[in-house]
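Student: Numbering of the sequence shown is given in my numbering, commencing with residue 1 and proceeding in unit increments.
The C-beta atom is built at its ideal place from N, Cα and C for all residues, glycine as well.
Pasting a structure here, questions to come.
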Amino acid sequence: MSCLQSLYNEKELNLSQSFREKLIWAAKGLDSGDRLSYLAYQLYPYLMEEMKREEANHNPQFLKAKKYLEKIRWRYNVGSVWGWPFSS
Numbered sequence: 001m002s003c004l005q006s007l008y009n010e011k012e013l014n015l016s017q018s019f020r021e022k023l024i025w026a027a028k029g030l031d032s033g034d035r036l037s038y039l040a041y042q043l044y045p046y047l048m049e050e051m052k053r054e055e056a057n058h059n060p061q062f063l064k065a066k067k068y069l070e071k072i073r074w075r076y077n078v079g080s081v082w083g084w085p086f087s088s
């Protein structure tokens, strides 16, 4: 989560207000006990939109955050797929 925190605090990136609000929402969700995989699943599309808006595909902070969210998001997808066949 530190890569998202550094992304939020970076002033040179000129993040949109809506993306900043989503990052705050994710931090509050983490504090309230939401699963990190769920928050990553929800935050990933907003990160991709922000990368397209800023054309920041080559910025190392965006790429690090993207890789981090993809890893966590993968766990969410696998958990929901494997949980389905075994639910009663």
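With a CB to CB cut of under 6 Å and the five nearest residues on each side skipped, what residues in its chain are close to LEU7?
Tutor: Counting from one through the sequence shown, the residue named residue 7 turns up at place 7. The answer, listed in chain order, is GLN61, ALA65.
Student: Rounded to whole angstroms, what is the Cα-Cα separation between ILE24 and MET48?
Tutor: Here residue 24 corresponds to residue number 24 of the sequence shown, with the count starting at 1. Here residue 48 corresponds to residue number 48 of the sequence shown, with the count starting at 1. If you take the alpha carbons of ILE24 and MET48, they lie about 17 Å apart.
Student: Going residue by residue through the stretch 36-62, where are the continuous beta strand (DSSP E) segments of at least 3 residues, counting only ones entirely within it?
Tutor: Taking only runs of at least 3 residues, no beta strand (DSSP E) segment lies wholly in the stretch 36-62.
Student: Return helix, strand or coil for GLU169, following the three-state DSSP convention.
Tutor: Coverage of the chain is limited to positions 1 through 88, which leaves residue 169 absent and any answer about it impossible.
Student: With DSSP as the reference, label ASP31 as helix, strand or coil.
Tutor: The residue given as residue 31 occupies position 31 in the sequence shown. Looking at ASP31 - three-state DSSP - the assignment turns out to be helix.
Student: So, under 8 Å CB-CB, ASN59 and LEU13 are touching, yes? Tell me the CB distance rounded to an integer number of Å.
Tutor: As a working note, residue 59 is residue 59 in the sequence shown. As a working note, residue 13 is residue 13 in the sequence shown. Confirmed, Cβ separation roughly 7 Å.
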